[in-house]
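**Student:** Per the working numbering, residue 503 is the first one in the sequence shown, and the count goes up by one each step.
Pasting in a structure now, in structure tokens, and then I'll have a few things to ask.
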Amino acid sequence: MLDICHVAALVVQALRVAIPTFLVAAVVSPEGVQTLLNSIPKVVTGGLTVAGGMIVVVGYAMVLNMMGAKYLMPFFFLGFVIAAFTEFNLVAFGIMGAVFAIVYVQLNPKFQTPVAAPVAAGAGGSDDLDDDLDDELD
């Protein structure tokens with residue numbers, strides 16, 4: 503029953519978006535939309551372009567701020583500089599980020615766990631279980 507409710511909600515959501523979109527596309531001509539867009543002053547469209555570019559940077563900064571990970575800021579700035587001076591796509595940045603993360607985890611001592619050397623059998627080491635078993639045998 504819950505699956506049917508989920509599917510029904512998805513269908514209603516799709517219709518809520520599709521019906522107004524279809525109506526606007528049927529009523530408004532492409533020339534009308536182009537005329538409306540051309541009537542917007544260049545100052546406004548330029549400002550919207552700059553604001554659209556800043557939204558990405560502000561979003562990343564908000565995520566880093568909420569994480570409270572000040573030690574990750576050099577990686578943030580490095581990624582910003584690489585993005586500004588190269589024409590890499592998102593796949594390249596994803597691969598570079600994964601490589602940087604792996605190298606960071608492998609080199610950071612915080613993620614290293616010391617491994618105790620194995621003790622050979624009969625090497626004289628004793629523990630609580632050995633003591634309990636010896637007490638029962640006596």
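No residue lacks a Cβ here, since even glycine has one placed at the ideal position from N, Cα and C.
Could you give the distance in angstroms between the alpha-carbon of Q614 and the alpha-carbon of V605?
**Tutor:** Cα to Cα, the separation comes out at about 13 Å.
**Student:** DSSP state of Q614, grouped into three classes?
**Tutor:** Residue state, collapsed to three classes: coil.
**Student:** Would the segment 575–589 count as touching the segment 550–566 if we require 3 or more Cβ pairs under 8 Å?
**Tutor:** Contact holds: three or more Cβ-Cβ distances are below 8 Å.
**Student:** Roughly how many angstroms lie between the CA atoms of V593 and P620, to the nearest whole one?
**Tutor:** Going from the Cα of V593 to the Cα of P620 covers about 44 Å.
**Student:** Go ahead and pull the three-state DSSP assignment for M503.
**Tutor:** Three-state result, M503: coil.
**Student:** Can you find the residues in the same chain that come closer than 8 Å, C-beta to C-beta, to G534, ignoring five residues on each side of it along the sequence?
**Tutor:** Taken in chain order, the list of residues that qualify is empty.
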